[in-house]
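Visitor: Throughout, our numbering is defined as the position within the sequence shown, counted from one, plus 740.
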Amino acid sequence: LRSNSRIAANGVLLVSPGVEIVVSPKVRLSVLGELQMYGDSNNLIRVVDENNQGFERFLVLQSKQTVQLQGLEIKGGGIPIEIVTGQPLISNSRIIDSEFNALNISGTARPIIRDCEISGAKTSGVLISGQAQPTFTNNRFLNNEPFHIQNGSTYQIDAKQNQWDPAASPTSILGDVSY
């Protein structure tokens, strides 16, 4: 991914298991249409930076169509995934060692995040704002600084069925989050 790209509202992108996506600095993929990534534990879809230069964002999800990210591994990046609207499913994925937030969820987004690892983020594992209402189930939140989840949304977030290290507490979860 060498320049900003967009999946149009009438577009579809399917990504097969085992694909490696190399992301240049300051570029992103904006998704207005359909995106389906189908990696698995033996053939993850890996997102890496170009020549150790880092990248700011990889995906900006702003689609009300089908968006499924399964078996995705993103290491590094500023804010690897930004979700603005729609109900994308992110499952069986790893978002690790983000320079800022692993996930930035805003607007009216209602993503489902399940069976994922969110670890090593430097300014919060997940940042939630606006009227976003994400669902978190069976995820592992590991060593995110200073918070695993930072909720500024107008809604309470249910994050009860997840694993936390360090443990979920008022010092590792900020805002109205049930854990």
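Every residue gets a Cβ at the ideal spot worked out from N, C-alpha and C, and that includes glycine.
Note that the structure is a prediction, hence the values are computed from the model and not measured.
Would you grab the beta carbon distance between ARG797 and GLY818 for me? Rounded to a whole angstrom, and I think it's under 8 Å.
Guide: 6 Å
Visitor: Assess contact between the stretch 781 to 795 and the stretch 822 to 830, defined as three or more Cβ pairs (one per stretch) separated by less than 8 Å. Is contact present?
Guide: Between the stretch 781 to 795 and the stretch 822 to 830 there are fewer than three inter-stretch CB-CB distances shorter than 8 Å, so the stretches are not counted as touching.
Visitor: On the criterion of 16 or more Cβ atoms from any shown chain inside 10 Å, does PRO906 qualify as buried, or is it exposed?
Guide: exposed
Visitor: With LEU867 as the anchor, note down where its beta strand (DSSP E) starts and where it stops.
Guide: 866 to 868
Visitor: On the three-state DSSP scale, how would you describe ASN792?
Guide: helix
Visitor: For TYR778, which of helix, strand or coil comes out of DSSP?
Guide: strand
Visitor: Reducing DSSP to helix, strand and coil, say where THR806 ends up.
Guide: coil
Visitor: Would CYS856 pass as a contact of ILE889 if the rule is Cβ separation under 8 Å?
Guide: Not closer than 8 Å, so no.
Visitor: Compare the beta carbon distance of PHE840 and GLY865 with 8 Å and say whether it is the shorter of the two.
Guide: no
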